[in-house]
Structures are given as structure tokens and as C-alpha cells.
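Right, one structure below, let's go through it.
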Amino acid sequence: MKKNPDLKKIFQYDLDPSKICRDLRLALNKKIEAKKTLLFIDEIQEEPRAITALRYFYEEMPELHVIAAGSLVDFAIDQVGIPVGRIEFLYMYPMSFMEYLAAKGEKNLAIELVNHPPEEAINEAVHIKTLKLLGPYMAIGGMPAAMSQWIAREDIELCGKVLKNIKNAYEQDFSKYSKTHEIKYVELLFKQIPSIICEHFRFSNLATHFKKRDLEPSLHLLEKAGIVNQIVKSVGDGIPLGAQADFNKFKLMLHDVGLTQAILGLDLKDWFIDPEAALINKGRITESFVGQELLAYSNASDKHRLYYWHREKRGAQAEVDYLIPSKHKIIPVKITNRHGASLQSLRQFLETHPQSDYGIRLSIHNYSVIQDLKSFPLYAVAGIVDNKERILEFLSS
């Protein structure tokens, strides 16, 4: 509705589905037929009454297929509410690295990365090629508008402008959909969280005089909207991970690494000149990328939460970057940024969690297995998740 704001008036006038369809037919000169038409309402947050109308489509015209999408939809839902059981939610994320490879015409490579066993090193020429393909993705991220520009033109300056436009659009939408007293808190968090991603979060670490009680509701709103994701500390003894989580201890990441770097104003040339060195030197961006990948490959019907493990023992602290459920067990995942980096944290987790059969290391290095530690390249996050069938179904289409 951003492209055609006059359509908002159709929902402002009446919430009767038959009248809405009639007026849409006349305004757009398009047929709308039950069981044949898919009515797609994009940027639905532009008119909150359109969200309310979804209820009446469900109750009074269930034979018409209706999909709605938009940025900051949860901000608008907070204003108008939504009836329980009337709407089915699907959670969408930025394009994954596998989707990027498919868009680049590298479907065969993507399928191989999903299936490749860690016991066998991939050919070194393929390994180097894939790291080079990962570089632009790390710079641009997975926001469709930026990614489509890169696929079409490979113009990094143009992609940077697109990302800045996305950033500006978010900030404009905050002022539209946030409650008046919350706007300054939402904007502050949006600007400052990129500088502290994947660190243990404390409100006191923010450069502001605002208190936790002021900022916390706005942080929850950004998380609910999918712009910010929490990585929550969990004991990691079993599934579900949330049952043993300490929700007062968490890290934060923005939903897209490209947007994160655009907000920070970082120089992106390193991702193109030497992606291997950049993956090592920009450790928190790399860690955020892994979280972004894990979310992208999760079940779209459920809002997925990320977890990490941290042992707070004086003189013997240990931390695992991510915990992932796999076949009813918990797998610890550690991201290492140099060859020969200590894997002591993975060892300590496995020693204290005998129900976990193995740990995973993600790095710039090739596949390998040493005892109960499986090493995957950073470009192969899709190969460590349980949801491989869905990824392969997409890649085979």
C-alpha cells in the first residue's frame, strides 16, 4: 500500500469483505474470484484497519485466499490487536546464503553444501570459490532489495544506497507506528544495538541516560517485529532449550548483517578484497551471520529463538556461541576465527553434557572431523541444521 496509498481508503470506508473486494476490483481493474484468486496485501501496516479486515475475510469469506505482509507489522498489530485463531503467521527472514547462491546460478553448489559430510574435505578449489562468494553476501546481507541490486549489477555503492534507504524507511516507520513516548527509545536502540551485537547485553552499556525501565518495552517491540533478535543463555541440558533459559541474560543481533554494517557506516571493501581475513577480523559480524543463517533455515510457522551456553566459573569460564536442537539432542556450536584456536569451551560443554554426542566448529577452514568435534566451513551453516529437506526442496525447484 506504500506504492498505491489511495487503496488505504478502501479499508477505511468499510470492513465488509464483499465490499472490499468490489472496490479493489474497480480500483485495480482486476478480477477477484473465490478459490481462484490469491489476494496479496503488501505493506499492510500502512493501514491498520486492513489488519482488522483479515478477521472478517476469515469469518465471512473463507474461500478467498488472503496473504498479508509488511515491515513492522507487529507495531501496527499492537495498535489494533488481532483475534486469536483467525490468522496463521509465517515468519520471514532476509535471504539466506543458500538462496543467494541459487540467485547467482549456483544451485548445484548450494545443494552440495547442504549435503556435504564433514568427514570429507571439499575440493580446495571449490572451498576457495565459495569463500569468495560468501564475501559479497557478508557485505550486502540478505535484504531482498539490496540483494537483487547486487545480483543485477554488482554495484556496491548502489547496494549501500539501498541499505541506507531501508534504514531510513525503518526510522520513518518507527515514528508512524510507535507510541509517541516510545519513539525516542526505539530509535536509540535501533542505532546503538549494531555496535554491541553478540556481546553480553546490559542496558547500562548503552550510551544514554535512559533507564532500563524506559528502554525495555521498546526492545521487546523491536524483537517482536523481527528487527532485533535475542540470543538467550541456556543451561543446554535438553529440549526445549527455553525450559532451562535465563531470559535476563542475552546477547542481541540485528536481523541482517548488511543493514548492521550500513547503520555503523563500516567500510565494506575488505569483504571483497580478502573475505577470509574479513571473516576472521570482523568476528562479531561473522557470529551475527551464523545466527542469521540459523533463523533463515528454521521452521517458518514458529518464531525461532536462538540460544548460547556460558559457564560462569571463576578462573574457568567457558562459552559456546550457539546451541541447536538436532534429533532430540543439543549440539553446541563454536565459531573460531583462527587456525588452531582453542576449542576448550566445546570440550567443556561436551564433558558436562554427555547427552550431546558431538560439537561443531565453524571457521574459514575446510570440513574435517577429529573425535567428537565436527568442523564445517562458515559458508555451510545450512549443512548443520535439521531442516535440510525444506532447503533442498527449495533448491530443487
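If you want this note's numbering, it's the 1-based position in the sequence shown plus 781.
Idealized CB from N, CA, C, for every residue including glycine.
Only a predicted model underlies this, so the values are computations on that prediction, with no experimental measurement involved.
In the DSSP output, which residue or residues are listed as bridge partners for residue i?
i, result
"Y1103", "V1114"
"R1142", "K1115 and S1156"
"K1032", "H981 and I1012"
"D1179", "For residue 1179 there is no data in the structure shown, the boundaries of the chain being 782 and 1178."
Counting along the chain, where does the beta strand (DSSP E) carrying residue i start and finish?
i, result
"A906", "First-last for A906: E905 to I921, but that is the alpha helix (DSSP H), not the beta strand (DSSP E)."
"V1182", "Past the edges of the chain, shown from 782 to 1178, lies residue 1182, and the structure says nothing about it."
"Y1088", "L1087 to R1092"
"S1069", "Careful: S1069 lies outside any beta strand (DSSP E), inside the alpha helix (DSSP H) at G1064 to A1077."
"I1151", "S1149 to I1151"
Leaving out the 5 sequence neighbours to the left and right, which residues in its chain are closer than 7 Å to residue i when beta-carbon positions are compared?
i, result
"Q973", "L987 and A988"
"A1006", "L853, D855 and F856"
"D804", "I791"
"I978", "L1033, M1034, L1035, T1041, R1065 and S1069"
Apart from the five residues on each side of it in sequence, which residues of its chain come closer than 6 Å, Cβ to Cβ, to residue i?
i, result
"D1051", "A1059"
"P1106", "I1020"
"V1166", "Y1078"
"A1161", "L894"
"K1030", "K1014"
Between which two residues does the alpha helix (DSSP H) containing residue i stretch?
i, result
"I801", "P798 to L809"
"V861", "V854 to V861"
"S929", "P925 to R934"
"Q1125", "Q1125 to T1133"
"A1043", "V1038 to L1045"
"R1095", "R1095 -> no alpha helix (DSSP H), and no H or E assigned at all."
"E938", "I937 to Y958"
"V895", "K888 to N896"
"K1169", "K1169 to L1176"
"D1051", "K1050 to I1054"
"Q1136", "Counting along the chain, Q1136 falls outside any alpha helix (DSSP H), and DSSP gives it neither H nor E."
"I791", "K789 to Y794"
Roughly how far, in whole angstroms, is the beta-carbon of residue i from the beta-carbon of residue j, given that I think they are within contact range, below 8 Å?
i, j, result
"W931", "S1015", "Between S1015 and W931 the Cβ distance is about 36 Å, and since that is not below 8 Å, they are no contact."
"L894", "G1164", "6 Å"
"L819", "R867", "In fact, because the Cβ distance is near 18 Å, the residues do not count as touching under 8 Å."
"I822", "A849", "4 Å"
"T1003", "F971", "Just to set this straight, residue 1003 is Leu in the shown sequence, not Thr. With a Cβ gap of about 7 Å, L1003 and F971 count as contacting."
"D1153", "L1131", "6 Å"
"P1113", "G1072", "Not quite, the Cβ-Cβ distance comes to about 15 Å (not below 8 Å), so this is no contact."
Given residue i, which residues of its chain have a CB within under 8 Å of its CB, disregarding the five upstream and five downstream residues?
i, result
"V1150", "P899, E900 and S1156"
"Y1098", "The amino acid at residue 1098 is misidentified as Tyr; the sequence shows Gln. H1091 and R1092, listed in sequence order."
"L939", "Q930"
- Task: Return the chain-ordered ranges of every alpha helix (DSSP H) run that is complete within the segment 965-1010 and spans a minimum of 4 residues.
- Result: If only uninterrupted alpha helix (DSSP H) runs of at least 4 residues are considered, those enclosed by the segment 965-1010 are 993-1005.
- Task: Just list the alpha helix (DSSP H) runs in the segment 813-886, keeping only unbroken ones of 4 residues or longer that don't cross its boundaries, in chain order.
- Result: Qualifying alpha helix (DSSP H) stretches, in chain order: 829-841, 854-861 and 878-884.
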